[in-house]
Amino acid sequence: MIGLFWNLLLALAWVTLTGSITAMNLLAGFIFGYVALMVLQKQVPVLKGYSRRIPRLAAFLVYFLKELVKSNLRVAYDIATPVWHMKPGVIAFPLRAETDMEILFVSSVISLTPGTLSLDVSDDRKVLFIHAMFLHEEEQLRNDLRELERRILKVTR
Numbered sequence: 192m193i194g195l196f197w198n199l200l201l202a203l204a205w206v207t208l209t210g211s212i213t214a215m216n217l218l219a220g221f222i223f224g225y226v227a228l229m230v231l232q233k234q235v236p237v238l239k240g241y242s243r244r245i246p247r248l249a250a251f252l253v254y255f256l257k258e259l260v261k262s263n264l265r266v267a268y269d270i271a272t273p274v275w276h277m278k279p280g281v282i283a284f285p286l287r288a289e290t291d292m293e294i295l296f297v298s299s300v301i302s303l304t305p306g307t308l309s310l311d312v313s314d315d316r317k318v319l320f321i322h323a324m325f326l327h328e329e330e331q332l333r334n335d336l337r338e339l340e341r342r343i344l345k346v347t348r
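Start counting the sequence shown at 192; every next residue gets the next number (the numbering used here).
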């Protein structure tokens, strides 16, 4: 988080110094700041690992958008056809996420995906209860959720 803060600060400094307040200039400042922090991360221990997170975040966003489109199409198809294919149910999903931020990120992304909804987290924060519209293949759903969580944890850790 400190790396992101410094990167945003450097991007704002870039915009201020160039005198051009545009989205492209802010993006350029963010990229220049990212490169500067990438060079400095060996000397500044707080920045360790920051340069790996941005590409992982970009890869996660591409993956999530692909999954979002697939889920939207599946739900839309089920709504538009006369025969319903859904088999709703609730599953208990064991979490590998440990911190509150990781659990929040995982549960929020699951709820953003059409056809799934995070219901609750167990008291020991090790299990997430999820409602799914399509529970025909429970193991496939669990594998998809594990992959989603794995990608989120690559970004946050």
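Note that CB positions come from ideal geometry on N, CA and C, so glycine has one too.
Thinking just about the alpha-carbon of each residue, which of the options is nearest to the one in residue i?
i      : options                        : result
Tyr329 : Leu200, Thr272, Leu248, Lys278 : Note that residue 329 is Glu in the sequence shown here, rather than Tyr. Glu329 has its Cα closest to that of Lys278, out of Leu200, Thr272, Leu248, Lys278.
Ala283 : Pro273, Ile321, Leu256, Asn263 : Ile321
Ile294 : Val281, Ser313, Gly280, Arg243 : Ser313
Tyr268 : Leu195, Gln331, Met324, Ile193 : Met324
Leu319 : Asn334, Arg247, Lys239, Val281 : Val281
Trp197 : Thr290, Ile212, Phe221, Asn216 : Phe221
Ser242 : Leu231, Arg287, Phe251         : Leu231
Leu259 : Leu332, Leu303, Ile245, Gly240 : Leu303
Taking just the CA atoms, how far does residue j sit from residue i?
i      : j      : result
Met292 : Arg316 : 12 angstroms
Val300 : Lys233 : 32 angstroms
His276 : Pro305 : 15 angstroms
Ser262 : Arg341 : 19 angstroms
Asn334 : Pro285 : 12 angstroms
Val235 : Tyr254 : 31 angstroms
Thr213 : Leu195 : 20 angstroms
Leu217 : Leu326 : 44 angstroms
Thr209 : Leu248 : 28 angstroms
Phe296 : Ala227 : 28 angstroms
Report buried or exposed for residue i, applying the criterion of at least 16 other Cβ atoms within 10 angstroms of its Cβ.
i      : result
Ser309 : buried
Ala271 : exposed
Glu176 : Nothing about residue 176 can be read from this structure; the chain reaches only from 192 to 348.
Gly224 : buried
Thr307 : buried
Leu200 : exposed
Ile343 : buried
Ala204 : exposed
Ala202 : buried
Val274 : exposed
Ser298 : buried
Ala250 : exposed
Ala288 : buried
Leu252 : exposed
Determine which residues share a DSSP beta bridge with residue i and list them.
i      : result
Lys278 : Phe325
Phe284 : Leu319
Ser309 : Ile321
*Along the chain, which unbroken stretches of the beta strand (DSSP E) at least 3 residues long are found entirely within the segment 194 to 258?*
none
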